[in-house]
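Participant: Top to bottom, those sequences are chains A and B. Residues 1281 to 1406 in my numbering are what the first sequence spells out, letter by letter. Residues -15 to 642 in my numbering are what the second sequence spells out, letter by letter. The C-beta atom is built at its ideal place from N, Cα and C for all residues, glycine as well.
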Amino acid sequence: MVQDEPKDDGQGIGKFKDITFAALDEKLAEQGKAVFEAKCTACHKTTDQKVVGPGLKGVTTRRQAAWILNMVTNPVEMTQKDPTAKGLLAEHLTQMTFQDVSDDQAKQILEYLRQNDAAGAEEAKK
Amino acid sequence: MKSKPMKPVFSFVIALVAIGLLISCKPKKVDSALSGDAAKKVYVAPGKYDEVYLFTSGGFSGQVGVYGLPSGRMLKQVPVFSQDAETGWGYSEETKPMLMTSHGYTPWDDSHHPQLSRTEGQDDGRWLFINANNTPRIARMDLGVFKTREIIELPNCGGNHASPFTTQNTEYVVGASRFSVPYDKDGDASIAEYKDKFKGTISFVKVDKESGRMNLNFQLLVPGVDYDLSRAGKAVSDGWVFFSCYNSEKAHTLLEVNASQRDKDFIMAVNWKKAEEYLTQGKAQKWAANYAHNVYDEKTHTATSTMEKEVNVLDVKGLPGICYFIPCPKSPHGCDVDPTGEYICASGKLAAVIPVYSFSKIQKAIADKAFDGDFDGVPVIKYEAALDGEVEKPGLGPLHTEFDDKGNAYTSFFVSSEIVKWNVKTKQILDRVPTYYSIGHLCVPMGDNIHPYGKYVIALNKITKDRYLPTGPELTQSAQLYDISGDKMQLLLDFPTIGEPHYAQACPADIVRKHEVKFYKLDSNNHKYAAKQEKDANVVRIGNDVHVYATAIRSHFTPDNIEGVKVGDNVYFHITNLEQDWDVPHGFAVKGANNSELLVLPGETSTLKWTPDHAGVFPMYCTDFCSALHQEMQGYIRVSPAGTNTALKFSTGEEEKK
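This is how it looks when you write it as C-alpha cells:
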C-alpha cells in the first residue's frame, strides 16, 4: 500500500518551527538588508519580478515564517521534500543554494522581508 | 625461483595448472583463488568513498595525480609545475607568479617525488610536497583545498632529484643536485674540468610548523658526484638524512659506461642537527644568489613572486661531523629507512645484493673512526663497520623499498619486473610477485612512517605494453595494486595514471579529510578586484587597461553586456564567484582569448587578461555546467576600433550603469 504523504503543515523542513512574530524590529531589518544584498540579490528581487528565483514581494504573507527560515538555511532538502519548495524548483529549474547564511542572519533577512511587505501593504492602502 | 623470477608466460601456465588442480580437488575454493576475490577487494560501491588517498607524481606532466584506493579511481589532477588551461593555473593573473623562476616564467617541469607532511613520523594530511627535477624547485600543496600554495626555487643546484623527503616532524624538506656543476667564476668552467671544479649541493628548506611556509635555511657544499635519492631518519635516527650517490667516478660523459666502473659508490649520511649547530655558530658562507620564492595567499586569492638574493652555504670539507660516506654496491638508487629508524636499505641498480646498514653501527663506526680514508675530504666509513647484513640474490635491478607494520620490506626490481618481500631483521626473502612491467618506485600507504598502514603495496610501472587497449604509439602509464595483508602478495588491480608515476604516497583518507575545505568564505575574500555582491560590479578604464569587476552566480554574470572597449585595450576580467556552497565552480571564457579559461571556485576571485585584436561583438560564457540554465549564462562585450568614441557602459538585465 502506498503510504500517504506526510501532512504539509506549511512550516517546511529544517530546524525552524512555530516561529511567531513580535512587532517589526527596524534595526534587525536593517541588518537583514545588508545580508540580503550580499547573498540573495543575485537571484531574488524584493519586487514581484522573477530573476533566477521568484520575486519576494509578499512572501511573508504567502509563507509561514518557519518555512522561509528553513528555505534560506536548508534549501536542498527543502526542494527535495517540501511540496511547496518542490513545486518552486519545478517552476524555476535552478537549485537554490545555501549561501553560508547563519541562523541569526536568516532571521535578519526574514525581518527585512517583513519590512518590505509592510511597506508594500502601506503603499497599497494609499 | 629465488634468484630467477618466473617469466610471465611460465607463471601463467603454472597458474592454469593450479586452477585446474583447484577445480578438480576443491571446487568450492575456485572463486577465492580466481579474480572474484580480487574484484571484491577493489569494489567500492557507487556513492561510497575509497579507503585511502593515493598521490602520484605526474612525472613529465609536472603535476600530481590523486586517486582513491582500493578502487584506483582517479579523483583529481592538481596542477603544480606546469600550466593547466583547464583551471587557468599559470594563465590567470593571480597564478602566473607561481611559475616564476630565476629564468623568468617557466611553464613546465618534471615532478618526481610526492611527500606528505608528518608529525612525529606519521603522515598528518596537511601538505604534500613535490620536487621539480629540471629547474630545481620544491612545491607545497595544501591538502585542505588540493591546490599548490607555494613554490621555492633552489639555487646552486642542477637536477633536483633527491627531494623533497621530509624529516620526522617536517622540520625540513630537502633538495639535492643530481648534476654537479661548477660554482666559482660565475660558473663558467670547461666541462673537462669536472673532477676539480664541479660540486654538488644539498639544500635544507625549513618548513614553518603553523603556516607550512618554506624558507631555504642553508645549503651544504658536497663532493661532485650525482645525488640520487634520499630519506630522512626517524625515531632512533631522527636528525639524520641519507642520500644515495652514483658516479663516484666523476664522469661527465657517457655516464652509462663511465659511471658504472667502480664496485662501490656511496650512501651519504648527513647529520642535519650538526649542520644547524655550525649555522648558529656563524660558520656559513653567505653566497649571493637569485632564486624565486612564490607564495599564494588564500585571502587575496593572489600569488606573489619574490626574488631571494642570498643563501647560507656550509662547506662540509672544513666542517667535520656533518657528512659521512658509506660504500654501497654499484650505483645505488633507492635509500630507504625502515619504520624503526635503525635500518637503512640501499639498492644498487647493478648490484647482486641489497645491503642493509645499521644506524647504531654507523654511530659506533663514527665514534671508533672506523674509516677507509676519505673522499674529497668526507670520511668514508668501512663497509663492514656500517653493515647489518645483505639480502642475497633478491632479483635484478633493485630500486626502492617500502615497509609494512610487521617488520617486512618490499623492494621493487626494475629489470626482473617484480616486487620482493623480505624480512628486515633476518634478510630472508618471503615472497615475490611479478609486475607488468618494469616497476620503478613502489608505495605502501604510510610505508615510510614509523607506523605504516601495511595493507597494500602499489607498483608504479614504467611500461604497460599489452596491458591495456592500445592508443597509438604512446600507451598509458600504469600502477598496480596488491594486497599485502596476508603472507602472500596478491595482485588486485591495474589502473592507468597520468604522466609517468615516479613515486607515490598514500595514507588513510580520514587523515586528509579532517582538513577538508568546501568553499572560500566571501567575507574573507580580500582580492583587490573582488566584487563581493552584484551591486559592486563595475567596469573601470585606466588608460588602455579596462578592469571588469564581475560576479558569477547561477546562472548569470554581472555585468553581462559591456561596451566601450577599444582595440588595443588590455581587458582584465576579474570574476568573483558569489556561490557559498560546495562544488559550484563557474567557468569563464571569452572568444579569441590567447591564454585559457578561468575556473572560479565558490568565494574565489580570478582574473583573465584579454587583448582583443579586432573590432566586433565578442561572446563570453560560463564553461562549467552550473544549473539547468547554464546554457543561458552568457554575455557580450563590444570592441570598437581604436580611436573611436564608444562610451564605456555595462549592464545586466535592464539597468544600465555608466
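So, helix, strand or coil for residue -15 of chain B, using DSSP?
Facilitator: Because residue -15 of chain B sits at a pLDDT of 36, beneath the cut-off of 50, its placement in the model cannot be relied upon, and the following sentence gives the value as read from the coordinates. DSSP places residue -15 of chain B in coil when its eight states are reduced to three.
Participant: If I measure Cβ to Cβ from residue 1362 of chain A and keep anything under 6 Å in the same chain, skipping five residues before and after, which residues do I get?
Facilitator: Cβ within range, chain order: 1292 and 1293.
Participant: Would the beta-carbon of residue 122 of chain B fall within 8 Å of that of residue 157 of chain B?
Facilitator: Yes, the Cβ-Cβ distance between residue 122 of chain B and residue 157 of chain B is below 8 Å.
Participant: Leaving out the 5 sequence neighbours to the left and right, which residues in its chain are closer than 6 Å to residue 477 of chain B when beta-carbon positions are compared?
Facilitator: The answer, listed in chain order, is 26, 56 and 465.
Participant: If I measure Cβ to Cβ from residue 625 of chain B and keep anything under 8 Å in the same chain, skipping five residues before and after, which residues do I get?
Facilitator: Cβ within range, chain order: 550, 551 and 599.
Participant: Of the choices A:1378, A:1367, A:1405 and A:1320, whose alpha-carbon is the least far from that of residue 565 of chain B?
Facilitator: The shortest C-alpha separation from residue 565 of chain B is found at A:1378.
Participant: On the CB-based measure, 16 or more other CB atoms within 10 Å of its CB, does residue 1306 of chain A come out buried or exposed?
Facilitator: Exposed: under 16 other Cβ atoms inside 10 Å.
Participant: Which bits of chain B does residue 1317 of chain A rub up against, with CB to CB less than 7 Å?
Facilitator: Within 7 Å Cβ-Cβ: 517 and 519.
Participant: Going by beta-carbon coordinates alone, are residue 1301 of chain A and residue 1345 of chain A separated by less than 8 Å?
Facilitator: Taking 8 Å as the Cβ cut-off, residue 1301 of chain A and residue 1345 of chain A qualify as a contacting pair.
Participant: Say whether chain A places a C-beta atom closer than 8 Å to the C-beta of residue 581 of chain B.
Facilitator: Not one chain A Cβ lies under 8 Å of residue 581 of chain B.
Participant: For residue 16 of chain B, count neighbouring Cβ atoms within 10 angstroms of its own Cβ and tell me buried if that reaches 16, exposed if not.
Facilitator: Low confidence applies here, because residue 16 of chain B scores a pLDDT of 40, under 50, leaving its location unreliable; read the following figure in that light. The residue in question, residue 16 of chain B, is exposed, as its Cβ has fewer than 16 Cβ neighbours within 10 Å.
Participant: Assuming residue 289 of chain B is part of the beta strand (DSSP E), what are its boundary residues?
Facilitator: Residue 289 of chain B -> beta strand (DSSP E) spans 286 to 299.
Participant: Identify whether residue 1367 of chain A lies in helix, strand or coil by the three-state DSSP scheme.
Facilitator: Of the three classes helix, strand and coil, the one that applies to residue 1367 of chain A here is helix, per DSSP.
Participant: Counting only the same chain and skipping the five closest in sequence on each side, list residues whose C-beta sits under 6 Å from that of residue 1340 of chain A.
Facilitator: Hits under 6 Å: 1393, 1394 and 1397.
Participant: In chain B, what lies closer than 7 Å to residue 1373 of chain A by C-beta?
Facilitator: Result: 612 and 613.
Participant: Quick one: Cα of residue 1308 of chain A to Cα of residue 1317 of chain A, how far?
Facilitator: Taking the straight line from one Cα to the other gives about 14 Å.
Participant: Give the residues of chain B in contact with residue 1380 of chain A, contact being defined as C-beta atoms less than 8 Å apart.
Facilitator: 503, 505, 506, 564 and 565, listed in chain order.
Participant: Considering residue 493 of chain B, what are the terminal residues of the alpha helix (DSSP H) in which it resides?
Facilitator: From DSSP, the alpha helix (DSSP H) with residue 493 of chain B extends over 493 to 497.
Participant: To which residues does DSSP link residue 618 of chain B through a beta bridge?
Facilitator: DSSP output for residue 618 of chain B lists B:605 as bridge partner(s).
Participant: Starting from the beta carbon of residue 643 of chain B, find every residue of chain A whose beta carbon is closer than 8 Å, and list them in chain order.
Facilitator: Past the boundaries of the shown model lies residue 643 of chain B; chain B is included only from -15 to 642, so the question cannot be answered.
Participant: If you reduce the DSSP assignment to three classes, tell me which class residue 113 of chain B lands in.
Facilitator: DSSP places residue 113 of chain B in strand when its eight states are reduced to three.
Participant: Comparing the C-beta of residue 535 of chain B with each C-beta of chain E, is any distance below 8 Å?
Facilitator: Reference to chain E is not applicable here, since the protein chains of this structure are A and B.
Participant: When DSSP labels each residue in this structure, what does residue 646 of chain B get in the three-state scheme?
Facilitator: Residue numbering for chain B in the displayed model covers -15 to 642; residue 646 of chain B lies beyond these limits and cannot be assessed.
Participant: Could you tell me whether the Cβ atoms of residue 1386 of chain A and residue 562 of chain B are closer together than 8 Å?
Facilitator: Contact: no.
Participant: Since residue 49 of chain B and residue 42 of chain B should fall inside the 8 Å C-beta cutoff, what is the C-beta to C-beta distance between them, to a whole number of angstroms?
Facilitator: About 6 Å; that satisfies the 8 Å criterion.
Participant: Can you check DSSP and say which residues form a bridge with residue 637 of chain B?
Facilitator: Note: residue 637 of chain B sits in no beta bridge, so no partner.
Participant: Alpha carbon to alpha carbon, how far is residue 306 of chain B from residue 258 of chain B? Give it in angstroms, no decimals.
Facilitator: Between residue 258 of chain B and residue 306 of chain B, the C-alpha separation is close to 6 Å.
Participant: How would you call residue 84 of chain B, buried or exposed, if buried means at least 16 neighbouring beta carbons within 10 angstroms?
Facilitator: The residue is buried, with at least 16 neighbouring Cβ atoms inside 10 Å.
Participant: What residue range is occupied by the uninterrupted beta strand (DSSP E) comprising residue 382 of chain B?
Facilitator: From DSSP, the beta strand (DSSP E) with residue 382 of chain B extends over 382 to 387.
Participant: Would you decide whether residue 23 of chain B is buried or exposed? Buried here means 16 or more other CB atoms lie within 10 Å of its CB.
Facilitator: Residue 23 of chain B is exposed by the Cβ-count criterion.
Participant: Please report whether the beta-carbon of residue 539 of chain B lies at a distance below 8 Å from any beta-carbon of chain A.
Facilitator: Cβ-Cβ to chain A under 8 Å: yes for residue 539 of chain B.
Participant: Is it buried or exposed for residue 304 of chain B, if we count other Cβ within 10 angstroms and need 16 for buried?
Facilitator: The residue in question, residue 304 of chain B, is exposed, as its Cβ has fewer than 16 Cβ neighbours within 10 Å.
Participant: Quick check on residue 1321 of chain A - is its C-beta less than 8 Å from some C-beta in chain B?
Facilitator: Answer yes: the Cβ-Cβ gap between residue 1321 of chain A and chain B drops below 8 Å somewhere.
Participant: Which residues share a DSSP beta bridge with residue 148 of chain B?
Facilitator: None; residue 148 of chain B has no bridge partner.
Participant: Indicate whether the contact test is met: 3 or more Cβ pairs, each with one atom in the segment 135 to 147 of chain B and one in the segment 106 to 125 of chain B, closer than 8 Å.
Facilitator: At 8 Å Cβ cutoff, the stretches touch.
Participant: Decide yes or no for the touch test of the segment 535 to 544 of chain B against the segment 609 to 616 of chain B: beta carbon pairs closer than 8 Å, at least 3 of them.
Facilitator: They touch, by the three-pair rule.
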